[in-house]
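So the structure is just underneath, and the comments pick up after that.
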Amino acid sequence: MSAVLSDFQTSEILFGTELEKRIAKLGEERAVEYQTAEPFPHIVIDDFLPVEPLENALKDFPSPRGVRWTGYDGEHERKLEYNSAERLPISLRSVLYFLNSPIALSFLETITGIKGLIADPYYIGGGLHQSERNGFLNIHADFNKLTKLNLDRRLNLIIYLNKDWKEEYGGHLELWDREMKECKKKILPVFNRCVIFSTTDFSYHGHPVPLTCPEDHTRKSIATYYYTNGRPAEEVTNSHSTIFKKTEGSPSNRTFTRKAKKIALSLTPPILLDAYYKLRESNNK
């Protein structure tokens, strides 16, 4: 128990009184901006945390082979996730513990207008995220219930840890409209940029375009999620897991196109295929 208390004390020292005052003021000043943002309530805050402790967290951020990451490599996502906060270096634990602290919760309640926020001590689905080259996360709405605690998911907070991240690397967080017709905002995942947004069945987001960063770069972030005991009546739906959506150019669409083409070729009579290939060859001469 004393080790855990020591971690929280360290977090208080690193993210102390000055930060508490600054984000309390920030919450009051930007609440209207957050609550009226489109396509759903959100805000982007640069230089969110003190630089030195966040640089230490980046230095200690585990490599893709450094810990036992939970890996996802399927139709909808290709990423790594690690949520065992107690097994991380103190630099990373301190950030996670601060984001679950009363100081952070008070700030989040002020800026979002959502009262009674509860932090997830298990960091389920959150903690550390990392994507290598060609990594992606299709547009989706998040799971809406924390079944372990029987709570409603209301809020996401993400802090990016990517220094010298270039536009051409991709990895932009995309925010889409309720009808999934248009991406309304793209957010580059640069160092110490914090993104906060409300989670409902229609807060569609993700980074669906595979990363084109160099092999020695990865897209790194810290994520924490927040809950309430109940939610507004207009937001209540049946419990569900992540709802993925397809967008133009997403890996799932490209995979489907390849599969469809393969099936079509398998059903085409050989004599027609021979004629097609001969015609294409003659056109390329």
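According to this note's numbering, the sequence shown is numbered sequentially starting from 485. No residue lacks a Cβ here, since even glycine has one placed at the ideal position from N, Cα and C.
Complete runs of the alpha helix (DSSP H) confined to the segment 550–613 [at least 4 residues] | Secondary structure remark: continuous alpha helix (DSSP H) runs of at least 4 residues inside the segment 550–613, in chain order: 574–583 and 586–596.
Answer with buried or exposed for Ser575, where buried requires no fewer than 16 other C-beta atoms within 10 angstroms of its C-beta.
-> Here residue 575 is taken as the residue at index 91 of the sequence shown, counted from 1. Sixteen is the threshold: when 16 or more other Cβ atoms of the shown chains lie within 10 Å of the Cβ of Ser575, as they do, the residue is buried.
Within the segment 670–725, ranges of the beta strand (DSSP E) (whole runs, at least 3 residues) | With a minimum length of 3 residues, the continuous beta strand (DSSP E) runs that stay inside the segment 670–725 are 677–682, 689–691 and 703–712.
Give the DSSP-derived three-state secondary structure of Arg662 in the structure shown.
-> The residue given as residue 662 occupies position 178 in the sequence shown. Note: Arg662 maps to coil in three-state DSSP.
Among the residues of its own chain, which have a CB less than 8 Å from the CB of Ala515, if the five just before and after it don't count?
-> As a position in the sequence shown, residue 515 is number 31, starting the count at 1. Excluding sequence neighbours, Ala515 sits near Thr594, Ile595, Thr596 and Gly597.
Taking all protein chains shown into account, decide if Pro771 is buried (16 or more other Cβ within 10 angstroms of its Cβ) or exposed.
-> Since the displayed the chain opens at 485 and closes at 769, residue 771 lies outside it and no answer follows.
Beta strand (DSSP E) containing Ala625: first to last residue?
-> As a working note, residue 625 is residue 141 in the sequence shown. For Ala625, the enclosing beta strand (DSSP E) has its first and last residue at Phe620 to Ala625.
What does Lys629 pair with, by DSSP beta-bridge criteria?
-> Here residue 629 corresponds to residue number 145 of the sequence shown, with the count starting at 1. For Lys629, which the question treats as bridged, DSSP gives the partners Asp636.
Can you name the residues that DSSP bridges to Tyr653?
-> As a position in the sequence shown, residue 653 is number 169, starting the count at 1. Answer by DSSP bridge pairing: none, since Tyr653 is not bridged.
Residue(s) in a DSSP beta bridge with Ile727 = For the purposes of this step, residue 727 is taken as residue 243 along the sequence shown, with counting starting at 1. Partner(s): Ala625.
Let me know if Val679 comes out buried or exposed under the rule of 16 or more other beta-carbons within 10 Å of its beta-carbon.
-> Sequence index remark: in the sequence shown, residue 679 carries index 195 (1-based). Classification of Val679: buried, given that the 10 Å Cβ count is 16 or more.
Return the Cβ separation of Pro735 and Phe620 in integer angstroms, given the expectation that the two are a contact with Cβ distance under 8 Å.
-> By one-based count along the sequence shown, residue 735 stands at place 251. By one-based count along the sequence shown, residue 620 stands at place 136. So it is a contact: roughly 6 Å between Cβ atoms.
Which partner residues does Ile642 have in the DSSP bridge list?
-> Looking up residue 642 in the sequence shown gives position 158. For Ile642, DSSP records a beta bridge to Val679 and Ala707.
The alpha helix (DSSP H) spanning Thr501 covers which residue range?
-> Taking the sequence shown and counting its residues from 1, the one referred to as residue 501 is at position 17. Element bounds for Thr501: Thr501 to Glu513.
Boundaries (first-last residue) of the beta strand (DSSP E) holding Asp530 = Taking the first residue of the sequence shown as position 1, residue 530 is located at position 46. Start and end: His526 to Asp530.
Assigned exposure category for Thr441 - 16 Cβ within 10 Å defines buried | No information on residue 441 is available, as it lies outside the stretch 485 to 769 that the chain covers here.
From the DSSP output, in three-state form, read off Lys647 for me.
-> Your numbering for residue 647 matches position 163 in the sequence shown. Correct three-state label for Lys647: coil.
Could you tell me if Val579 is buried or exposed, where buried requires 16 or more neighbouring beta carbons within 10 angstroms of its beta carbon?
-> Numbered from 1 along the sequence shown, position 95 holds the residue referred to as residue 579. Around the beta carbon of Val579, 16 or more other beta carbons sit within 10 angstroms, so the residue counts as buried.
Can you tell which of Thr683, Phe591, Glu565 and Lys629 has the C-alpha that lies nearest to the C-alpha of Glu512?
-> Against the sequence shown, residue 512 aligns to sequence position 28. The residue with the shortest Cα to Cα distance from Glu512 is Phe591.
Nearest to Glu652 by CA position, among Thr696, Asp700 and Glu719, is which residue?
-> In the sequence shown, counting from the first residue as 1, residue 652 sits at position 168. Of the candidates Thr696, Asp700 and Glu719, Thr696 places its Cα closest to the Cα of Glu652.
When you compare only the Cα positions, how much space is there between Ile642 and Arg549?
-> Reading the sequence shown from its first residue, position 158 is the one you call residue 642. Reading the sequence shown from its first residue, position 65 is the one you call residue 549. For Ile642 and Arg549, the distance between alpha carbons rounds to 22 Å.
With C-beta atoms as the reference, is Arg617 less than 7 Å away from Tyr644?
-> By one-based count along the sequence shown, residue 617 stands at place 133. By one-based count along the sequence shown, residue 644 stands at place 160. Against a cut-off of 7 Å, the Cβ pair of Tyr644 and Arg617 comes out as no contact.
Cβ-based neighbour list, Asn737, same chain, cut-off 6 Å, excluding 5 preceding and 5 following = For this step, residue 737 is matched to residue 253 along the sequence shown. Caution is warranted here: a pLDDT of 48 is assigned to Asn737, below 50, making its placement in the model unreliable, and no coordinate value can be reported.
Span separating the alpha-carbon of Tyr581 from that of His701 = On the sequence shown, residue 581 is found 97 positions in, with the first residue counted as 1. On the sequence shown, residue 701 is found 217 positions in, with the first residue counted as 1. Each residue's Cα considered, the two are about 26 Å apart.
How is the alpha helix (DSSP H) around Pro537 delimited, first residue to last?
-> Along the sequence shown, read from residue 1 onward, the residue named residue 537 stands at position 53. Bounds of the alpha helix (DSSP H) holding Pro537 are Val535 to Lys543.
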